[in-house]
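Each step along the sequence shown adds one to the number in this note's numbering, with nothing skipped, and position 83 is 181.
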Amino acid sequence: MEQLIERCCGLDVHRDTVAACVRAPGPGGRRTQTVQAFGTGAADLLAVGLPAGPELGRRLRALEETLPANVDTLYSNPANLREAIRMADIVVGAVYVTGGRTPILIRREMLPTMKTGAVLVDVSVDQGGLAETTRPTTHREPTYVVDGVVHYAVSNMPGAVARTSTYALTNITTPYVLRLADKGWQEACRQDPALRLGLNVVQGKVTLQPIAEQFGYAYVPPEAVL
Ligand SMILES: NC(=O)c1ccc[n+]([C@@H]2O[C@H](COP(=O)([O-])OP(=O)(O)OC[C@H]3O[C@@H](n4cnc5c(N)ncnc54)[C@H](O)[C@@H]3O)[C@@H](O)[C@H]2O)c1
Numbered sequence: 099m100e101q102l103i104e105r106c107c108g109l110d111v112h113r114d115t116v117a118a119c120v121r122a123p124g125p126g127g128r129r130t131q132t133v134q135a136f137g138t139g140a141a142d143l144l145a146v147g148l149p150a151g152p153e154l155g156r157r158l159r160a161l162e163e164t165l166p167a168n169v170d171t172l173y174s175n176p177a178n179l180r181e182a183i184r185m186a187d188i189v190v191g192a193v194y195v196t197g198g199r200t201p202i203l204i205r206r207e208m209l210p211t212m213k214t215g216a217v218l219v220d221v222s223v224d225q226g227g228l229a230e231t232t233r234p235t236t237h238r239e240p241t242y243v244v245d246g247v248v249h250y251a252v253s254n255m256p257g258a259v260a261r262t263s264t265y266a267l268t269n270i271t272t273p274y275v276l277r278l279a280d281k282g283w284q285e286a287c288r289q290d291p292a293l294r295l296g297l298n299v300v301q302g303k304v305t306l307q308p309i310a311e312q313f314g315y316a317y318v319p320p321e322a323v324l
């Protein structure tokens with residue numbers, strides 16, 4: 099009996115590399131083919147990122163189930179990122195690490211692997227940007243090109259839709275502002291752990307750990323100075 103397999107993968111195993119070729123259904127009844135090569139060293143295999151902890155796996159699965167069927171999720175690791183940007187027409191980066199500089203995930207040498215004319219939207223630009231080649235731009239002159247990749251790195255993107263974004267932001271922030279106004283900042287921060295997370299410096303002490311680490315100051319927990 100003949101059997102049709104929708105998705106299939108072939109592996110070509112060498113001493114130093116493994117090449118994987120996946121064929122899967124694509125748009126309009128066509129098939130897509132993706133080939134990716136991995137090194138066989140431990141670091142390369144770890145970079146593929148298969149075992150990244152049960153919690154991350156659970157969250158990604160939940161997202162896969164919630165999002166439309168044409169949305170795929172991937173672990174963020176160097177191998178997946180390299181492959182994803184190679185195929186992308188638009189890359190939108192919105193990575194953030196609380197209090198720290200955005201980690202640089204896209205190095206300059208990766209740009210030539212991207213399509214010519216591909217667009218890199220670096221939303222994280224206000225915290226340093228996730229691409230080595232990112233520099234802040236303005237609404238007046240929003241883009242520039244490096245190695246054929248169009249960079250868009252406006253550091254105040256919501257300013258393009260000022261009214262809508264103000265409503266969106268103040269819907270979330272107004273309750274906090276009211277708490278600060280009603281109780282005074284100190285009492286409000288004592289009572290509300292979420293507000294405490296926003297304290298960077300209190301009475302000359304650095305109360306946010308990533309800031310203390312980044313600038314070489316002693317970290318003092320906010321509870322100790324409130
Ligand atoms: N340019 C602009 O106009 C503009 C507008 C709004 C927000 N921002 C900036 O965009 C960034 C994101 O803001 P947000 O509110 O969505 O932050 P957020 O904390 O809600 O989301 C950041 C996400 O990045 C993920 N992340 C961290 N390290 C990662 C890594 N190595 N690989 C993949 N993902 C990683 C985190 O898990 C988190 O889900 C911030 O830097 C913010 O300041 C810029």
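Built from N, CA and C at the ideal position, the CB exists for glycine as well.
Given this structure, state the Cα-to-Cα distance separating residue i from residue j, to the nearest angstrom.
| i | j | result |
| --- | --- | --- |
| Arg180 | Ile270 | 35 Å |
| Ile103 | Gln131 | 14 Å |
| His249 | Arg184 | 15 Å |
| Leu297 | Arg105 | 51 Å |
| Gly215 | Ala182 | 16 Å |
| Cys107 | Cys119 | 5 Å |
| Ala292 | Arg277 | 11 Å |
| Gly155 | Thr171 | 11 Å |
| Gln289 | Pro308 | 23 Å |
| Pro176 | Leu228 | 13 Å |
Is residue i near ligand 1 - that is, is its Cβ less than 7 Å away from at least one heavy atom of it?
| i | result |
| --- | --- |
| Gln225 | yes |
| Tyr194 | yes |
| Thr231 | no |
| Val252 | yes |
| Asp255 | The identity of residue 255 in the sequence shown is Met, whereas the question assumes Asp. Yes, the beta carbon of Met255 sits closer than 7 Å to at least one heavy atom of ligand 1. |
| Leu203 | yes |
| Thr200 | yes |
| Val221 | yes |
Beta strand (DSSP E) containing residue i: first to last residue?
| i | result |
| --- | --- |
| Asp280 | Note, Asp280: premise wrong, no beta strand (DSSP E); alpha helix (DSSP H) at Ala260 to Lys281. |
| Arg129 | Arg129 to Gly137 |
| Arg121 | Thr115 to Pro123 |
| Leu109 | Cys106 to Val111 |
Let's see if you can read the secondary structure: which residues bound the alpha helix (DSSP H) around residue i?
| i | result |
| --- | --- |
| Gln312 | Gln307 to Phe313 |
| Val243 | No alpha helix (DSSP H) contains Val243, which is instead part of the beta strand (DSSP E) from Thr241 to Val244. |
| Arg294 | Pro291 to Arg294 |
If we cut at 8 Å on Cβ distances, does residue i have a partner in chain C?
| i | result |
| --- | --- |
| Val304 | Of the protein chains in the structure, only one exists, and it is not chain C. |
Using alpha carbons as the reference points, say which of the options lies closest to residue i.
| i | options | result |
| --- | --- | --- |
| Tyr173 | Ala167, Leu161 and Pro166 | Leu161 |
| Pro240 | Gly246, Asp220 and Glu230 | Asp220 |
| Tyr315 | Thr231, Leu306, Val323 and Arg113 | Leu306 |
| Gln312 | Val195, Pro234 and Thr164 | Val195 |
| Ile202 | Leu295, Asn175 and Glu230 | Glu230 |
| Pro210 | Val243, Thr264, Val304 and Ala117 | Val243 |
| Gly198 | Asp224, Pro176, Cys287 and Leu218 | Asp224 |
| Met208 | Thr200, Lys281, Ala186 and Ser222 | Ala186 |
Does the beta-carbon of residue i, which I'm using as the reference point, lie nearer than 7 Å to any heavy atom of ligand 3?
| i | result |
| --- | --- |
| Val169 | As far as ligands go, the structure on display features ligand 1 and does not contain ligand 3. |
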